[in-house]
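To start, the structure itself, in structure tokens.
There are 2 protein chains.
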Amino acid sequence: MTTVVEPVHIKEQARLAQIASKELGLLSTEDKNAALHTIADHLDANVSNIMEGNNQDLANGRKALYDEAYMDRLALNEARIKEFAEGLRQVAKLDDPTGEIVSQWTLDNGLDVQTVRVPLGVIGMIYEARPNVTADATGLALKSGNAIVLKGGSSAIHSNRAIVKVMKEALISTKISQDAVQFIDSTDRVATEQLFTMKEHIDVLIPRGGGKLIQAVVNHATVPVLETGVGNCHIYIDKGADVDKAINIFINAKTDRPAVCNAAETLIVHEAFLAAHQETLIEAFNKYNIGVYGDDKVLSAVPNATRATEQHWAEEFLSLDVAMKVVSTVDEAIAHIDEYGTKHSEAIVTEDKETAKRFKGLVDAAAIYHNASTRFTDGSALGFGAEIGISTQKLHARGPMGLQALTTIKYVMSGNGQIR
Amino acid sequence: MTTVVEPVHIKEQARLAQIASKELGLLSTEDKNAALHTIADHLDANVSNIMEGNNQDLANGRKALYDEAYMDRLALNEARIKEFAEGLRQVAKLDDPTGEIVSQWTLDNGLDVQTVRVPLGVIGMIYEARPNVTADATGLALKSGNAIVLKGGSSAIHSNRAIVKVMKEALISTKISQDAVQFIDSTDRVATEQLFTMKEHIDVLIPRGGGKLIQAVVNHATVPVLETGVGNCHIYIDKGADVDKAINIFINAKTDRPAVCNAAETLIVHEAFLAAHQETLIEAFNKYNIGVYGDDKVLSAVPNATRATEQHWAEEFLSLDVAMKVVSTVDEAIAHIDEYGTKHSEAIVTEDKETAKRFKGLVDAAAIYHNASTRFTDGSALGFGAEIGISTQKLHARGPMGLQALTTIKYVMSGNGQIR
Chain A
1 MTTVVEPVHI KEQARLAQIA SKELGLLSTE DKNAALHTIA DHLDANVSNI MEGNNQDLAN
61 GRKALYDEAY MDRLALNEAR IKEFAEGLRQ VAKLDDPTGE IVSQWTLDNG LDVQTVRVPL
121 GVIGMIYEAR PNVTADATGL ALKSGNAIVL KGGSSAIHSN RAIVKVMKEA LISTKISQDA
181 VQFIDSTDRV ATEQLFTMKE HIDVLIPRGG GKLIQAVVNH ATVPVLETGV GNCHIYIDKG
241 ADVDKAINIF INAKTDRPAV CNAAETLIVH EAFLAAHQET LIEAFNKYNI GVYGDDKVLS
301 AVPNATRATE QHWAEEFLSL DVAMKVVSTV DEAIAHIDEY GTKHSEAIVT EDKETAKRFK
361 GLVDAAAIYH NASTRFTDGS ALGFGAEIGI STQKLHARGP MGLQALTTIK YVMSGNGQIR
Chain B
1001 MTTVVEPVHI KEQARLAQIA SKELGLLSTE DKNAALHTIA DHLDANVSNI MEGNNQDLAN
1061 GRKALYDEAY MDRLALNEAR IKEFAEGLRQ VAKLDDPTGE IVSQWTLDNG LDVQTVRVPL
1121 GVIGMIYEAR PNVTADATGL ALKSGNAIVL KGGSSAIHSN RAIVKVMKEA LISTKISQDA
1181 VQFIDSTDRV ATEQLFTMKE HIDVLIPRGG GKLIQAVVNH ATVPVLETGV GNCHIYIDKG
1241 ADVDKAINIF INAKTDRPAV CNAAETLIVH EAFLAAHQET LIEAFNKYNI GVYGDDKVLS
1301 AVPNATRATE QHWAEEFLSL DVAMKVVSTV DEAIAHIDEY GTKHSEAIVT EDKETAKRFK
1361 GLVDAAAIYH NASTRFTDGS ALGFGAEIGI STQKLHARGP MGLQALTTIK YVMSGNGQIR
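Chains as they are written, first to last, in our numbering: chain A, 1 to 420; chain B, 1001 to 1420.
Here it is as structure tokens:
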């Protein structure tokens, strides 16, 4: 059954979020941290209410015959819900980016100029099945002084509704207005589209989920978008690469968590490396059950390889499959990445410093690796504490986005009558 | 006569710009500066060619009965063209933002993490009648390692064509490819719209001109946009404000250059200030020929004032006219600015520090002034050397945008086989 919310109501929710964001932006770090702890305690105390909602979603999911991976993303249990709470407590520990004086100088006429870090205002979070995003995104938004409008996926609506109810009840006893957290209680796609153009009330949209969702937001939103994370990531193994490093890095990037955006999707191998280490590579494919889709040279070198189509080069497998291409030069590898990459994470394995330098300079992506796995493009791996997504666009924030990505700056000028 | 360029050709131009941007991004600061000097010298040496193009535009403009201000923005002369050249030499003197290591740390496993400042890639510049933008934007783009696609206004097409011809001829003897500067030689609106969705080749669009142009880009572009500068700026004079400071700041912000975006468009006055200094204010209006559009309280206080309509509150006059509102509290002033402001520059004149603090905290704009004129929201006034526009959006860059706004960062990771 589709839950429909009137467009007028959604606009009113966004307007209320905007009003709440004003005083929230002026709260002290201590007040915001106290609120995060209160929310965390309420989540801990309301596991059963949240599980009730989640059970409804899981029952509907079974009826809809969702696959196992999808059901796993959707499923909550006591331990997972306690992780949400713990996540909020971790965010409370992080430095508050707002209020920071980023730069300060005085003009010759005595005018004091400061750039001060301030919240963005209202964040519109559009996401899919994972109910953990509801709590995580709210924690990051509130800590950075922003109100949040949450539009989760239809399949998780009962879980999300229950989580938001608990969080909003918690806010009553804090200095943050309940209005700072708005839940679009709708499974109607039109509700999401309403948010795309609500420029007067929403400062930024963050879509998080599959490529189709992200593209829908990018293509139709007039609200500025922080584009997150489809990762068609490549590992390029250069001629003369250290064979152990090369295989380890590829296997880690491909198999550690195949369904995430920083996993490798295409292996590009220099022909000289392939000639020297063909057997080792094939052994690794077999040992880890990796299915290979390749070009002509791959087909003649790798047993059981299947011919790669345009789709294999262009899209994420998010499984143990990999596309594989053989090249004669690093520039050929760079050109392939240019054509098919999604500007997420790209790696070169080489012992040649000049080749590494060229790869780092010419490949256009959020993260470029020399002799390391692409799996490190991740807020927690890099020490950010928490992330709201990984930006694959170039403006504002690139790569893993933590609290600072949810802020902007404001010029604050103090004078005693200066005119021009 | 409309000059039409085939869509396919525009796409090809953007593709060539993108290819050129790759090696341009790797050039040394010295090579880029040398190229800027060569372009400047060629502009100096080709004043007559550029004037020939400009004369055609001016003749067409006279036929089209453009107003004086418009004709003034369009008109070139030897001195103005030499200013373009001098501007490029000034940009050559500025620090090169690219290559800067913004941050660097080492993970426990030894992986070295750097964030390095890099060019955006290809900038799409969409602008109106001012031919100086053609040279200025090109200089800023090239200095920051970016290729540029220029789409100027139809009324300046002969001027722009001539300027670009000179610049591209100059590039032949430099290390920057001629392809790094692309001129969309078209007066067809469809050509501009083509650029809106050319995400695969253009990294950012910068619209510069009137509100309609900017809104068209914001509403229809899927390429990320750096939204520049409509400024419906307010001066709020608080109760107990110093009368000299207040009048000086208002007169400067209103009359120094009424047609620019950081000029004041609305005066908000606390009722107590109005009661105390009504005569002084009226004298100032009369002395500077300022036309006043006001609310009821203004109509009864200011002779010859006209009733303000919604349009007067919401839009820029860009003339010596001003909208005027009387309020009883600073919060009423803030609420008015919230409703009608364009998040550009907002000023308070007050001697009360707490009131100033509340205004600075609650007003949502790129620049907030306490006891100073809004006219300082300007790259050159703030010491940036040059600006590509003033951002009124919150993402990426806010306020005057110099070279750094034309860059992004890239995570560059160097390891010796690290896996997760």
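Note that beta-carbon positions come from the ideal geometry of N, C-alpha and C, so glycine has one too. Model, not experiment: these values are computed from the prediction.
Residue-level contact to chain B via CB, residue 369(A), 8 angstroms cutoff: In the first sequence, residue 369(A) corresponds to position 369, counting from 1. With 8 angstroms as the cut-off, residue 369(A) counts as an interface residue toward chain B.
Inter-residue spacing [alpha-carbon to alpha-carbon] between residue 1319(B) and residue 1177(B): For this step, residue 1319(B) is matched to residue 319 along the second sequence. For this step, residue 1177(B) is matched to residue 177 along the second sequence. Their Cα atoms are separated by approximately 43 angstroms.
Alpha-carbon to alpha-carbon, residue 1199(B) and residue 1008(B): Counting from one through the second sequence, the residue named residue 1008(B) turns up at place 8. Counting from one through the second sequence, the residue named residue 1199(B) turns up at place 199. Answer to the nearest angstrom: the Cα atoms are 15 angstroms apart.
Where the beta strand (DSSP E) containing residue 374(A) begins and where it ends: Taking the first residue of the first sequence as 1, we reach residue 374(A) at position 374. Premise fails: residue 374(A) is in no beta strand (DSSP E) and is neither H nor E.
Cβ pair residue 234(A), residue 1413(B) closer than 8 angstroms: Locating residue 234(A) in the first sequence gives position 234, where the first residue counts as 1. Locating residue 1413(B) in the second sequence gives position 413, where the first residue counts as 1. Going by C-beta atoms, residue 234(A) is not nearer than 8 angstroms to residue 1413(B).
Minimum C-alpha distance to residue 1261(B) - residue among 1290(B), 1054(B) and 1231(B): Sequence index remark: in the second sequence, residue 1261(B) carries index 261 (1-based). Ranking 1290(B), 1054(B) and 1231(B) by Cα distance to residue 1261(B) puts 1231(B) first.
Rounded separation between residue 1209(B) and residue 1164(B) - CA only: Along the second sequence, read from residue 1 onward, the residue named residue 1209(B) stands at position 209. Along the second sequence, read from residue 1 onward, the residue named residue 1164(B) stands at position 164. So the two alpha carbons sit approximately 20 angstroms from each other.
Residue 64(A) classed as buried or exposed, judged by whether at least 16 other C-beta atoms fall within 10 angstroms: Translated into positions along the first sequence, residue 64(A) becomes position 64. Under this definition residue 64(A) is an exposed residue.
Sequence ranges, beta strand (DSSP E) only - wholly within the segment 1025-1106 of chain B, length at least 3: 1101-1106
Proximity to residue 97(A) [Cα-Cα], best of 174(A), 123(A), 29(A) and 227(A): Counting from one through the first sequence, the residue named residue 97(A) turns up at place 97. That would be 29(A), whose Cα lies nearest to the Cα of residue 97(A).
Amino acids of chain A, ordered along the chain, whose beta-carbon sits closer than 7 angstroms to that of residue 1260(B): Translated into the one-based positions of the second sequence, residue 1260(B) becomes position 260. Here the premise fails: no neighbours, minimum Cβ distance about 11 angstroms.
Straight-line gap, residue 1360(B) to residue 142(A) (C-alpha atoms, nearest Å): The residue labelled residue 1360(B) in the question sits at position 360 within the second sequence. The residue labelled residue 142(A) in the question sits at position 142 within the first sequence. One C-alpha to the other measures close to 21 angstroms.
DSSP bridge partner residues for residue 1346(B) (one or two, in chain order): For this step, residue 1346(B) is matched to residue 346 along the second sequence. Partner(s): 1234(B) and 1368(B).
Neighbouring residues, chain B, relative to residue 224(A) (Cβ below 7 angstroms): Position 224 of the first sequence holds residue 224(A). What residue 224(A) touches in chain B: 1393 and 1395.
Beta carbon of residue 1391(B) nearer than 8 angstroms to that of residue 1227(B): Residue 1391(B) sits at position 391 when you count from the first residue of the second sequence. Residue 1227(B) sits at position 227 when you count from the first residue of the second sequence. Yes, the Cβ-Cβ distance between residue 1391(B) and residue 1227(B) is below 8 angstroms.
Burial state of residue 195(A) (16 or more Cβ within 10 Å): For the purposes of this step, residue 195(A) is taken as residue 195 along the first sequence, with counting starting at 1. Counting Cβ neighbours within 10 Å, residue 195(A) comes out buried, since at least 16 surround it.
Chain-ordered chain A contacts of residue 1111(B) [CB-CB under 7 angstroms]: The residue labelled residue 1111(B) in the question sits at position 111 within the second sequence. Going along chain A in sequence order, the residues near residue 1111(B) (Cβ under 7 angstroms) are 372 and 376.
Strand pairing of residue 1270(B), partner residues [DSSP]: If you number the second sequence from 1, residue 1270(B) lands on position 270. DSSP, once it has assigned bridges, lists 1327(B) as partnering residue 1270(B).
Cβ of residue 177(A) within 8 angstroms of any chain B Cβ: Along the first sequence, read from residue 1 onward, the residue named residue 177(A) stands at position 177. Chain B, which has no Cβ nearer than 8 angstroms to the Cβ of residue 177(A), makes this no.
Closer than 8 angstroms to chain B by CB, residue 417(A): Counting from one through the first sequence, the residue named residue 417(A) turns up at place 417. Interface residue, yes.
Beta carbon proximity, residue 412(A) to chain B, threshold 8 angstroms: Walking along the first sequence from the start, residue 412(A) turns up at place 412. For residue 412(A), the answer is yes, since a Cβ of chain B falls inside 8 angstroms of its Cβ.
Cβ contact check for the segment 368-384 of chain A and the segment 251-266 of chain A: 3 or more pairs under 8 angstroms: yes
Residues near residue 1291(B) by beta carbon distance below 6 angstroms, same chain, minus five either side: The residue given as residue 1291(B) occupies position 291 in the second sequence. Same-chain partners within the cutoff: 1321.
Continuous alpha helix (DSSP H) stretch holding residue 170(A): start and end: For the purposes of this step, residue 170(A) is identified with residue 170 of the first sequence, where counting begins at 1. Residues 157-171.
Euclidean distance between Cα positions of residue 171(A) and residue 158(A): Along the first sequence, read from residue 1 onward, the residue named residue 171(A) stands at position 171. Along the first sequence, read from residue 1 onward, the residue named residue 158(A) stands at position 158. Cα to Cα, the separation comes out at about 20 angstroms.
Residue 407(A) and residue 118(A) closer than 8 angstroms at C-beta: Taking the first residue of the first sequence as 1, we reach residue 407(A) at position 407. Taking the first residue of the first sequence as 1, we reach residue 118(A) at position 118. Against a cut-off of 8 angstroms, the Cβ pair of residue 118(A) and residue 407(A) comes out as a contact.
Closer than 8 angstroms to chain B by CB, residue 11(A): Position 11 of the first sequence holds residue 11(A). No - not a single Cβ of chain B is within 8 angstroms of the one on residue 11(A).
Contained beta strand (DSSP E) runs [length at least 3] in the segment 178-252 of chain A, N- to C-terminal order: 181-183, 204-208 and 233-237
Cutoff 8 angstroms: residue 247(A) Cβ touching any chain B Cβ: Here residue 247(A) is taken as the residue at index 247 of the first sequence, counted from 1. By this cut-off, residue 247(A) is not an interface position.
Option nearest residue 1242(B) by Cα separation, candidates 1016(B), 1221(B) and 1273(B): Along the second sequence, read from residue 1 onward, the residue named residue 1242(B) stands at position 242. Checking every option, the nearest Cα to that of residue 1242(B) belongs to 1273(B).
Residue 1391(B), DSSP secondary structure in three states: In the second sequence, the residue the question calls residue 1391(B) occupies position 391. In this structure, residue 1391(B) counts as strand in the three-state DSSP scheme.
Start and end residues, beta strand (DSSP E) containing residue 1263(B): Sequence index remark: in the second sequence, residue 1263(B) carries index 263 (1-based). Counting along the chain, residue 1263(B) falls outside any beta strand (DSSP E), and DSSP gives it neither H nor E.
Residue-level contact to chain B via CB, residue 256(A), 8 angstroms cutoff: Walking along the first sequence from the start, residue 256(A) turns up at place 256. Taking Cβ atoms only, chain B reaches closer than 8 angstroms to residue 256(A), which makes this a yes.
Reduced DSSP category for residue 290(A) - H, G, I as helix; E, B as strand; rest coil: Counted from its first residue, the first sequence places residue 290(A) at position 290. Note: residue 290(A) maps to coil in three-state DSSP.
Secondary structure of residue 417(A), DSSP reduced to three states: Here residue 417(A) corresponds to residue number 417 of the first sequence, with the count starting at 1. Residue state, collapsed to three classes: strand.
Beta bridge counterpart(s) of residue 340(A) as assigned by DSSP: As a position in the first sequence, residue 340(A) is number 340, starting the count at 1. Looking at the DSSP assignment, residue 340(A) forms no beta bridge with any residue, so it has no partner.
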